[in-house]
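Student: The structure follows.
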Amino acid sequence: MNTEHKPGPSEFWDEFYSERQRVWSGKPNGALMREVSMISPGRAIDLGCGEGADAIWLAERGWTVTGVDISAVALGRAAAHAAEAGVADRVTWLVSDLAEWEPEQTYDLVTASFLHSPIEMPRERILLAGTRAVAPGGTLFVVGHTAFPPWARHAHDDAHMPSADELAASLGLRAADWELETSTSEGREATGPEGQTAVLTDAVLTARRLAS
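Numbering (this note's numbering), first residue to last: 734 to 945.
Listed below in structure tokens is the structure:
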């Protein structure tokens, strides 16, 4: 009998974040900064917020933000970083398994930056739920890899990574209901956890739900 313990998603991610004092750079995503900087602040939700850099950046610019992640360890760090930045009162941190998440309200901005996982995760289903969370006139922002970084620990390296256009199609962002403001691929230099460097290509999607 195989009695090997297989961690569940929350346990996996808590262990992942516990391996280091800080996993990510602490800097907000550059594409998010570019795409969102001209939008008037309102209510935002960041799906898979990790240690909170994007959510904190939004809060610093006047947004009222909900940051959602499955890892209580990550959100503990995010809350500490928000307090250090002086925006703790503008961010609510929610521990939730996005695989089972459904929005209970709508938001002026729904963001998901690099919502990928080394273990099974229904990314498209989560992003579809994200589209349902966008208020009329609100914005959906998604940025993701078109191929995993060479240092990634992903078990599904052969999985198809959609382009921004493919993602827009799979999410049903029809012209009658949505305006695609950005749907592109762009390269950037990146540094891995052990100092490795690579040029990565990201799929960037920004869409606005039509007010009508």
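Cβ coordinates follow ideal geometry from the N, Cα and C atoms, glycine included.
Remember, it's a predicted structure, so these values are computed and weren't measured experimentally.
CA-CA distance, residue 779 and residue 854?
Tutor: Computed Cα separation, rounded: 17 Å.
Student: Would DSSP call residue 916 helix, strand or coil?
Tutor: Looking at residue 916 - three-state DSSP - the assignment turns out to be strand.
Student: How about residue 768 and residue 939: do their beta carbons lie closer than 8 Å?
Tutor: Closer than 8 Å, so yes.
Student: Helix, strand or coil for residue 809? Go by DSSP, reduced to three states.
Tutor: In this structure, residue 809 counts as helix in the three-state DSSP scheme.
Student: What residue ranges within the stretch 793 to 879 form continuous beta strand (DSSP E) runs of no fewer than 3 residues, ordered along the chain?
Tutor: You should have 797 to 802, 824 to 828, 840 to 846 and 867 to 878.
Student: What are the residues that DSSP puts in a beta bridge with residue 932?
Tutor: Answer by DSSP bridge pairing, in chain order: 922.
Student: In the structure shown, what three-state DSSP assignment does residue 753 receive?
Tutor: Residue 753: coil per DSSP, three-state reduction.
Student: So residue 912 and residue 941 are in contact, right, with Cβ under 8 Å, and what is the actual spacing, rounded?
Tutor: Residue 912 to residue 941, Cβ: 5 Å. Contact.
Student: What first and last residue would you give for the alpha helix (DSSP H) that runs through residue 954?
Tutor: Missing from the structure shown is residue 954; the chain here goes from 734 to 945 and no further.
Student: Name the residue from 765, 760, 827 and 805 whose alpha carbon lies nearest to the alpha carbon of residue 681.
Tutor: Residue 681 lies beyond the residue range present for the chain, which begins at 734 and ends at 945; the question has no answer from this structure.
Student: Bridge partners for residue 940 per DSSP, in chain order?
Tutor: In the DSSP output, where bridge partners are listed per residue, residue 940 has 873 and 913.
Student: Among 847, 786, 805 and 760, which one has its Cα closest to the Cα of residue 674?
Tutor: Residue 674 lies beyond the range of the chain shown here (734 to 945); nothing can be said about it.
Student: Run through DSSP, which three-state label would residue 780 get?
Tutor: Residue 780: strand per DSSP, three-state reduction.
Student: Let me know the secondary structure DSSP gives residue 908 once reduced to three states.
Tutor: Coil at residue 908, not helix or strand.
Student: Let me know if residue 893 comes out buried or exposed under the rule of 16 or more other beta-carbons within 10 Å of its beta-carbon.
Tutor: Its Cβ having fewer than 16 others within 10 Å, residue 893 is exposed.
Student: Kindly confirm or deny that the stretch 771 to 778 and the stretch 841 to 854 touch, where touching means at least three C-beta pairs closer than 8 Å.
Tutor: Yes: the two stretches touch, three or more of their Cβ pairs being nearer than 8 Å.
Student: If we call anything under 8 Å between Cβ atoms a contact, is residue 992 one with residue 859?
Tutor: The structure shown does not extend to residue 992, since the chain spans only 734 to 945, so no value can be given for it.
Student: Going straight from the alpha carbon of residue 888 to that of residue 849, what length do you get?
Tutor: With a pLDDT of only 46 at residue 888, under 50, the local geometry of the prediction cannot be trusted, and the value read off the model is given with reservation. Taking the straight line joining both Cα atoms gives about 11 Å.
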